[in-house]
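Just so you know, the sequences run in chain order E and S. Each step along the first sequence adds one to the number in numbering that gives the first Met the number 0, with nothing skipped, and position 310 is 309. Each step along the second sequence adds one to the number in numbering that gives the first Met the number 0, with nothing skipped, and position 194 is 193. In this text, a Cβ means the ideal position worked out from N, Cα and C, and glycines have one as well. From a predicted model like this one, the values you see are computed outputs, not experimental measurements.
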Amino acid sequence: MTATTSPALDRNLLHRLGIVAVLFVIAGLLSVLTDSFATASNLTNVARQVSINGILAVGVTFVLLTGGVDLSLGSVVALSGVACALFAHPGEYPLFVPICVGLLTGGLCGLLNGVLVTRGGIAPFIVTLGMMTVARGLALIFSGGKPVADMSPDLTGLAGDLGPVPIPLICFAAVAVLSWLFLGRFRLGRHLYAVGGNEQAARAAGVSVPKVKLFAYGLCGLLTGLAGVVLAARITTGQPNAGQAYELDAIAAVVIGGTSLSGGVGSVLGTVLGVLLIGVINNGLDLLSVSSYYQAVIKGIIIVGAVWLDRRQARS
Amino acid sequence: MRLTPRTAAGTFGLACALLATGLSVGCKKAETRKPGEWLVGYSSRDQSAEYTARLGDAVQARAKERGVKLVFVDAQADAQKQISQTENFISQKVDVIILNPCEVEASSPAIDRARAAKIPVVNVNSLTKAAPDCYVGSDDEQAGILAMEAIAKQLNGQGNVLMIHGIMGQSAQIHRDAGARKVLAKYPGLKLLDHQTASWDRAKALALTENWLQAHKGKFQAIFAHNDEMAMGALLALERAGVKKDVYVIGVDAIAQALDAVKSGRLDATVFQDAVGQGRGAIDTAILMAAKQPYEKEVMIPFQVVTRENVDQFLKK
């Protein structure tokens with residue numbers, strides 16, 4: 000595999016225009032319908048709120064590119080958050096310890112997923128479904144079923160701002176930019192597309208398919224751990240029940256962004272746009288005081304509609 | 000590595016070992032019943048939620064105190080599972096079933112099965128459509144009334160209020176909402192500016208309150224959250240925006256963190272729901288039922304408002 004431009008990437012750039020249009024239309028509507036949407040403080044607010052889903056979505060993009068799936072994101076977020084919080088009591092350990100514990104917890108869960116998929120030959124859906132319940136159970140065991148409170152202000156400060164910019168947004172932006180560079184410029188990044196596009200061909204071309212997959216699940220796990228740490232900082236506790244169904248929002252964002260569920264096609268840029276779209280919808284519906292019942296319906300329709308528009312445009 | 004018979008056997012062995020460890024750690028051995036000892040089945044709504052877990056602990060503690068043999072199971076918030084668990088209780092021939100129902104409608108068949116098998120049922124903490132033999136719990140409407148009354152008192156009956164709902168359609172959400180609205184109807188100066196669900200979840204309540212701060216900044220003076228988890232989320236958003244001093248926040252349940260926050264003056268108030276009282280009431284009623292003695296059809300354990308003045312007596316509980 001050489002680093003020539005893959006056709007999948009080029010098509011994806013064109014592909015994104017549909018989502019950008021939908022995003023602009025919705026943002027435009029919200030600016031007209033509310034006084035508060037198009038303000039600096041609200042846009043910072045949206046940025047802060049999308050960061051966790053953004054980190055997760057970028058992580059799971061790697062797995063989806065290889066043609067896999069990770070359903071354990073939400074549970075692993077909770078487990079990493081609890082693990083982080085357990086080491087974050089004031090005055091016990093320096094700040095990097097709880098952060099590393101959170102990241103490693105996520106990374107280990109991801110690696111285990113990867114090992115079971117590649118070595119065990121079990122379908123990713125089943126492996127990560129198992130991890131989903133195991134991680135949730137472990138989160139409850141380690142926390143004793145109660146939120147792990149009393150976190151040091153240093154750690155909860157990670158949910159604060161650096162100047163005018165929310166720190167969670169910095170994490171998300173860094174993750175997105177590094178992942179974008181990695182997928183486009185690095186050999187291993189290209190191999191991810193190759194494995195998802197045609198596993199046999201990739202293997203014939205000398206790509207170590209298990210290694211590439213293991214890498215994808217491990218990295219996804221590591222980023223899930225990061226999301227867990229950011230969430231714990233944001234809600235100032237390690238919540239064993241946190242993160243319910245987070246995998247759905249993350250996978251929805253990736254798919255809206257044009258990544259194929261069967262692998263081989265997709266981009267980080269698309270995922271970021273998908274994340275922004277979901278974030279803007281969530282924020283806008285609250286600003287408009289839309290009743291909870293209608294929120295769920297409207298959100299679902301917009302997600303499916305955006306994907307439909309996008310695909311239609313890509314075909315024409 | 001391919002899946003050879005050897006690795007398959009190894010994996011299977013490992014799985015069995017894990018399962019065995021899990022069983023020996025997670026479950027208590029089923030002992031045989033001593034003569035004259037009552038056997039009671041308890042199905043908890045969800046041992047991973049803080050309040051119902053505390054209630055479960057209280058039931059276990061009281062059963063031990065009173066020498067009742069308890070079969071303790073967790074429905075994990077799944078009404079379907081709760082019905083199967085009740086069927087298992089029936090085949091285990093328990094004397095009384097105590098149900099901490101998952102849902103108003105969906106858990107009702109569990110009651111019907113038990114009654115058909117002539118086993119008395121106690122509902123604890125929440126109601127079902129089908130009537131049990133006894134209900135031990137607290138009136139969630141009262142929690143809503145107490146919370147909104149506290150807000151009305153604080154604001155002298157004048158101001159805008161936001162309300163954060165639990166999961167829509169659950170008994171506690173419906174009744175806390177109804178109670179709050181009864182009080183709102185009494186005070187024409189008190190207006191419900193906006194209300195939305197955060198599904199009992201702290202992170203969701205935090206994001207919702209951040210959004211409200213954008214939409215209604217400076218226009219609201221109080222937030223009533225249907226539980227403490229959400230009240231803590233709202234509190235975080237207000238503190239980060241630096242406007243907590245302008246907004247009165249009250250939750251329900253009196254979880255440990257909320258009590259600490261009340262004590263330190265961060266949270267204004269919470270409404271205490273008495274898990275120990277409910278657990279005791281349930282086991283005591285079950286014993287009366289098993290012994291065929293007269294019992295109350297309804298045992299109401301009152302809610303209490305916790306503020307900085309009286310928080311110390313609750314911190315001990």
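With DSSP run on the structure shown, which of helix, strand or coil describes residue i?
| i | result |
| --- | --- |
| TYR134/S | strand |
| ALA2/E | The predicted position of ALA2/E is uncertain, since its pLDDT is 41 and thus under 50; a value taken from the coordinates is nonetheless stated next. Three-state DSSP puts ALA2/E in coil, outside helix and strand. |
| HIS223/E | One point to set straight first is that residue 223/E is Thr, not His, in the sequence displayed. Three-state result, THR223/E: helix. |
| ASP227/S | helix |
| HIS215/S | helix |
| PHE88/S | helix |
| GLU238/S | helix |
| ASP139/S | helix |
| PRO165/E | strand |
| GLY183/E | helix |
| ASN44/E | helix |
| ASP283/S | helix |
| SER23/S | Since pLDDT at SER23/S reaches only 48, below the 50 mark, its modelled position is unreliable, and no value is offered. |
| ASP149/E | coil |
Does residue i come within less than 9 Å of chain S when only Cβ atoms are used?
| i | result |
| --- | --- |
| ASP248/E | no |
| LYS210/E | no |
| PRO239/E | yes |
| SER74/E | no |
| ILE301/E | no |
| ARG310/E | no |
| SER288/E | yes |
| ALA148/E | yes |
| ARG47/E | yes |
| ASN44/E | yes |
| ARG135/E | yes |
| ASP69/E | no |
Give the residues of chain E in contact with residue i, contact being defined as C-beta atoms less than 9 Å apart.
| i | result |
| --- | --- |
| MET167/S | SER291, TYR292 |
| GLN46/S | LEU139, GLY144 |
In chain S, which residues lie with their C-beta within 7 Å of the C-beta of residue i?
| i | result |
| --- | --- |
| SER35/E | GLN213, ALA214 |
| ASN282/E | ASN210 |
Just curious, the alpha helix (DSSP H) that residue i is in, first and last residue?
| i | result |
| --- | --- |
| GLN319/S | No information on residue 319/S is available, as it lies outside the stretch 0 to 316 that chain S covers here. |
| GLN303/S | First-last for GLN303/S: 303 to 305, but that is the beta strand (DSSP E), not the alpha helix (DSSP H). |
| VAL261/S | 255 to 262 |
| LEU287/E | Counting along the chain, LEU287/E falls outside any alpha helix (DSSP H), and DSSP gives it neither H nor E. |
| GLU198/E | 198 to 203 |
| TYR247/S | Run containing TYR247/S: none in the alpha helix (DSSP H); it sits in the beta strand (DSSP E), 247 to 252. |
| ILE300/S | Run containing ILE300/S: none; DSSP gives neither H nor E here. |
| HIS164/S | Per DSSP, HIS164/S belongs to no alpha helix (DSSP H); it is in the beta strand (DSSP E), 158 to 164. |
| LEU247/E | 245 to 255 |
| LYS185/S | 170 to 185 |
Chain S partners of residue i, CB-CB under 8 Å?
| i | result |
| --- | --- |
| GLN199/E | None at all; the shortest Cβ gap to chain S is about 16 Å. |
| SER40/E | GLN213 |
| ASP153/E | By Cβ distance, chain S contributes nothing, its closest Cβ being about 16 Å from ASP153/E, past 8 Å. |
| LEU319/E | No information on residue 319/E is available, as it lies outside the stretch 0 to 315 that chain E covers here. |
So is residue i in contact with chain E if we call contact Cβ pairs under 9 Å?
| i | result |
| --- | --- |
| ARG279/S | no |
| ARG180/S | no |
| ASP245/S | no |
| LEU235/S | yes |
| ASP193/S | yes |
| LEU314/S | no |
| SER23/S | With a pLDDT of only 48 at SER23/S, under 50, the local geometry of the prediction cannot be trusted, and the value read off the model is given with reservation. No, its Cβ sits nowhere closer than 9 Å to a Cβ of chain E. |
| VAL251/S | no |
| LEU2/S | In this prediction, LEU2/S has a pLDDT of 47, which is less than 50 and means its spatial position is unreliable; nothing more can be read from the coordinates. |
| ASP267/S | no |
| GLU36/S | no |
For residue i, which residues in chain E fall below 7 Å Cβ to Cβ?
| i | result |
| --- | --- |
| GLN79/S | Neighbours of GLN79/S on chain E: none; closest Cβ ~17 Å, over 7 Å. |
| ALA171/S | Correct list: empty, because the minimum Cβ distance to chain E is about 16 Å. |
Over the uninterrupted beta strand (DSSP E) stretch that includes residue i, give me the two end residues.
| i | result |
| --- | --- |
| GLN195/S | 189 to 196 |
| LEU111/E | That residue, LEU111/E, is in no beta strand (DSSP E); its alpha helix (DSSP H) goes 95 to 117. |
| PHE141/E | First-last for PHE141/E: 123 to 142, but that is the alpha helix (DSSP H), not the beta strand (DSSP E). |
| VAL123/S | 120 to 123 |
| ALA268/S | 268 to 271 |
| VAL317/S | Here chain S has residues from 0 to 316 only, and residue 317/S is not among them. |
Please compile the residues from chain E whose C-beta is within a distance smaller than 8 Å of the C-beta of residue i.
| i | result |
| --- | --- |
| GLY232/S | ILE234 |
| THR196/S | SER291 |
| LEU205/S | ARG233, ILE234 |
| ALA52/S | GLY144, LYS145 |
| GLN256/S | PRO146, ALA148, THR236 |
| GLU102/S | In chain order: nothing, as chain E lies at least about 17 Å away. |
Could I get the ranges of all uninterrupted beta strand (DSSP E) runs contained in the segment 28 to 86 of chain S, with 3 residues as the minimum, in chain order?
38 to 43, 68 to 73
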